[in-house]
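In what follows, a structure is listed as structure tokens, so that the remarks can point back to it.
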Amino acid sequence: MVSEEKKKHMMTLIKRYRSTAITHKKKADRLWAYAKNDKGDYNYGLAKEFYRRAKECEEKADSLEEELKSL
């Protein structure tokens with residue numbers, strides 16, 4: 141049996157990871173638009189990095205959610 145505190149902590153982590161993923165996605169979208177509008181090729185690299193980070197956060201949140209469901 142897992143304590144309610146641990147479940148709350150996991151739910152908080154899931155929310156934080158999802159929120160962080162949304163933030164990174166917004167930044168990536170903005171940087172991608174900058175790059176498309178000739179505001180510097182380095183924006184492509186930054187956008188890719190933020191998309192990668194957003195994907196990682198979503199994956200972490202998904203794995204925590206699966207772990208929480210299995211408890």
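Using this note's numbering, the first residue of the sequence shown is number 141, and each one after it goes up by one. Ideal Cβ positions, reconstructed from N, Cα and C, are used throughout, including at glycine.
- Approximately 5 Å separates the beta-carbon atoms of H164 and R193; this is inside 8 Å, confirming the contact.
- For E206, same chain residues with a beta-carbon under 6 Å away, outside a window of 5 residues either side, do not exist.
- The Cβ atoms of W172 and A187 sit closer than 7 Å to each other.
- About 13 Å separates the beta carbons of I154 and L211, which is beyond the 8 Å limit, so they are not a contact pair.
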